[in-house]
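Per our numbering, the very first residue in the sequence shown carries number 29; after that it's consecutive. Where is the CB? At the ideal position from N, CA and C, for every residue including glycine. Owing to the predicted nature of the structure, the values given are computational and were not obtained by experimental measurement. So the structure is just underneath, and the comments pick up after that.
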Amino acid sequence: MGRKRKERFDSGGYYADRKENKANAKAEKTELKIRLAEAKSKKRKWLAAILVLGIIIYLIVSSGSGLSVLKSIKDFLPLGD
29 MGRKRKERFD SGGYYADRKE NKANAKAEKT ELKIRLAEAK SKKRKWLAAI LVLGIIIYLI
89 VSSGSGLSVL KSIKDFLPLG D
């Protein structure tokens with residue numbers, strides 16, 4: 029009498045090969061890693077764009093020429109005074 033092995037069946041009810049299952053799991057894991065890397069790169073791209081825009085705005089405002097731009101924008105806004 030030996031230990032009874034548990035049979036492994038896939039969703040179709042057929043005996044599933046252990047090597048196939050391992051290869052499929054590895055392929056799925058690789059695909060998930062690729063999708064995660066793509067999502068992170070998109071997020072970083074937008075973060076970099078926002079940082080560059082912020083630096084440009086800071087340089088315009090701090091140089092002094094930005095003050096005239098801000099005054100002209102302020103003239104168009106109804107501030108109520």
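Report the rounded CA-to-CA distance for residue i versus residue j, giving the unit in angstroms.
i	j	result
Asn52	Ala76	36 Å
Thr58	Lys50	12 Å
Gly82	Ala55	41 Å
Ile101	Ser91	17 Å
Phe104	Ile62	48 Å
Ser96	Ser69	37 Å
Val80	Leu64	24 Å
Lys99	Pro106	13 Å
Arg72	Arg31	53 Å
For this session: Run through the region 43-107 for me and flag every whole alpha helix (DSSP H) of 4 or more residues, listed as ranges in chain order.
Result: 46-91 and 93-104
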